[in-house]
Amino acid sequence: MTEGKVLSRAAAVVERPAIPPTMKAAVYRGLNDVRLGEVPVPEIGRGEILVRVHTCGICGTDLKKISTGSHSAPRIFGHETSGVVARVGEGVRKFGIGDRVVVFHHIPCRECYYCRYKTFAQCETYKKVGCTAGFEPSGGGFAEYVRVMDWIVEKGTVAIPEGVSFEQACFVEPVNTCMKGIQTLRLEPGETVLVIGQGPIGLILAVLAKGAGARVITSDLYPARLTISRRFGLDLTIDASRADTVGTIREMTEGRGADAVILAVGGSALIRPAMDAVRPGGRVLLFAQTARGEATIDPAAVCVDEKTLLGSYSASVELQEQSVRFVMNREMDLEQLISHRFPLRDSVEALNRAAHPQPDSMKIVIQPGSAWEGRSL
Numbered sequence: 096m097t098e099g100k101v102l103s104r105a106a107a108v109v110e111r112p113a114i115p116p117t118m119k120a121a122v123y124r125g126l127n128d129v130r131l132g133e134v135p136v137p138e139i140g141r142g143e144i145l146v147r148v149h150t151c152g153i154c155g156t157d158l159k160k161i162s163t164g165s166h167s168a169p170r171i172f173g174h175e176t177s178g179v180v181a182r183v184g185e186g187v188r189k190f191g192i193g194d195r196v197v198v199f200h201h202i203p204c205r206e207c208y209y210c211r212y213k214t215f216a217q218c219e220t221y222k223k224v225g226c227t228a229g230f231e232p233s234g235g236g237f238a239e240y241v242r243v244m245d246w247i248v249e250k251g252t253v254a255i256p257e258g259v260s261f262e263q264a265c266f267v268e269p270v271n272t273c274m275k276g277i278q279t280l281r282l283e284p285g286e287t288v289l290v291i292g293q294g295p296i297g298l299i300l301a302v303l304a305k306g307a308g309a310r311v312i313t314s315d316l317y318p319a320r321l322t323i324s325r326r327f328g329l330d331l332t333i334d335a336s337r338a339d340t341v342g343t344i345r346e347m348t349e350g351r352g353a354d355a356v357i358l359a360v361g362g363s364a365l366i367r368p369a370m371d372a373v374r375p376g377g378r379v380l381l382f383a384q385t386a387r388g389e390a391t392i393d394p395a396a397v398c399v400d401e402k403t404l405l406g407s408y409s410a411s412v413e414l415q416e417q418s419v420r421f422v423m424n425r426e427m428d429l430e431q432l433i434s435h436r437f438p439l440r441d442s443v444e445a446l447n448r449a450a451h452p453q454p455d456s457m458k459i460v461i462q463p464g465s466a467w468e469g470r471s472l
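This is the structure:
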């Protein structure tokens with residue numbers, strides 16, 4: 096950025112004093128290399144806002160980028176962000192300093208070829224991340240402050256109602272992605288759905304599937320996660336550490352298999368078992384297979400048995416309002432999914448914990464706001 100641009104941007108800002116020139120951030124420096132460091136607080140321009148981050152959830156896509164080195168360094172990841180507006184750029188009318196907000200980091204153009212076909216995640220504008228804590232825009236939630244660009248301010252920033260916590264609010268984007276997955280599956284009331292994997296995303300998917308009228312059966316290798324699932328009313332479970340999931344699901348469906356299977360566990364090893372667990376004519380939704388590579392399937396299962404393999408990735412702008420209502424109205428107590436909370440100073444430990452989950456690990460969040468909650472901006 097040129098000096099002239101910095102000056103013009105700074106001149107277009109309304110702010111309270113006492114925001115420091117630098118901040119702490121968890122900076123990605125390369126393959127499996129994230130370090131806590133000091134970086135400049137981002138400048139904002141016309142139509143933009145600066146958000147002081149309270150809570151940011153760790154997403155599996157953050158972990159994948161760190162562990163594969165798929166993105167150039169340096170960057171600051173984190174996109175499930177809630178916080179408080181700390182600065183307001185000229186022309187911003189929707190938000191003021193002190194407003195509590197949650198931020199979507201992607202918003203599509205709604206005009207291109209892909210948007211016309213409602214495949215919003217393939218839109219080039221959607222792929223442009225509209226939030227940054229510095230460096231190449233990458234979400235920025237693993238920092239004290241994040242700059243929210245103008246099109247995200249207008250179409251992707253949501254006020255948090257009174258009485259709703261930052262922790263609950265930061266689930267808006269992940270809930271949206273799960274709603275999109277359920278929409279892709281086109282569930283019918285009374286269908287039997289097997290959800291493989293009961294991490295936080297798998298559990299949300301299972302709750303939404305049940306809400307759509309399905310008979311939901313969950314499975315996981317960790318019995319502790321199935322215990323949590325039962326707290327959310329998901330009483331039909333398969334302990335995959337002790338039982339054959341495919342055989343058990345067939346026993347529970349008169350030998351047919353599930354009408355639909357949701358694979359909420361990453362990697363390709365479980366794609367074939369998921370296909371085996373679904374009945375002829377059924378559907379399998381791949382929800383966590385974001386790493387490119389090869390997988391083994393039986394092509395006759397698709398052709399002869401007429402099984403359908405589906406995919407769903409990222410959020411849908413058309414489900415934004417619905418996901419906001421679901422979260423803000425507390426239709427699901429999402430805070431119960433949080434197993435670990437880390438202050439920003441321990442962000443590297445938080446990321447390591449998320450990358451190597453234990454039986455008691457569910458949603459892990461980084462909370463820069465733990466250092467200032469209850470104090471003024």
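The opening position of the sequence shown corresponds to residue 96 in this note's numbering, with each subsequent residue numbered one higher.
Just so it is clear, CB atoms sit at the ideal spot from N, CA and C, and this is done for glycine as well.
Since the structure is predicted, the reported quantities are computational estimates derived from the model, not experimental observations.
Taking 3 residues as the shortest admissible run, the stretch 149–229 contains the following complete beta strand (DSSP E) segments, listed from N- to C-terminal end: 175–184, 195–198.
Proximity to Tyr-209 across Val-197, His-200, Lys-222, Arg-141 peaks at Lys-222, based on C-alpha coordinates. Fewer than three beta-carbon pairs drawn from the stretch 181–197 and the stretch 115–132 are found closer than 8 angstroms, and the two stretches are therefore not classed as touching.
In the displayed model, Gly-297 falls within a helix according to three-state DSSP.
Approximately 6 angstroms separates the beta-carbon atoms of Ala-359 and Ala-383; this is inside 8 angstroms, confirming the contact.
In the DSSP assignment, the residues bridged to Gln-462 are Pro-438. Nearest C-alpha to Ser-418 among Gly-164, Phe-199, Val-248: Phe-199. Between Phe-230 and Ser-442, the gap from beta carbon to beta carbon reaches 7 angstroms or more. A straight line joining the alpha-carbon of Leu-303 with that of Phe-437 spans about 28 angstroms. Per the coordinates, the alpha-carbon of Ile-139 lies some 27 angstroms from the alpha-carbon of Gln-217.
Between the stretch 408–415 and the stretch 310–328, the count of Cβ pairs shorter than 8 angstroms is below three; the stretches do not touch. Every alpha helix (DSSP H) stretch that sits fully inside the stretch 317–342 and reaches 4 residues is listed by chain position as 318–326. Counted as a single uninterrupted DSSP element, the stretch harbouring Ser-314 is not any alpha helix (DSSP H) but the beta strand (DSSP E) occupying residues 310–315. The C-alpha of Val-270 lies about 8 angstroms from the C-alpha of Ile-296. If the five residues before and after Ile-333 are omitted, its C-beta is found closer than 6 angstroms to the C-beta atoms of Ser-314, Thr-340, Thr-343, all from its own chain and listed in chain order. His-149 and Pro-115 have their alpha carbons spaced roughly 16 angstroms apart.
Look at Asp-393 here: in three-state DSSP terms it is coil, with no helix or strand label.
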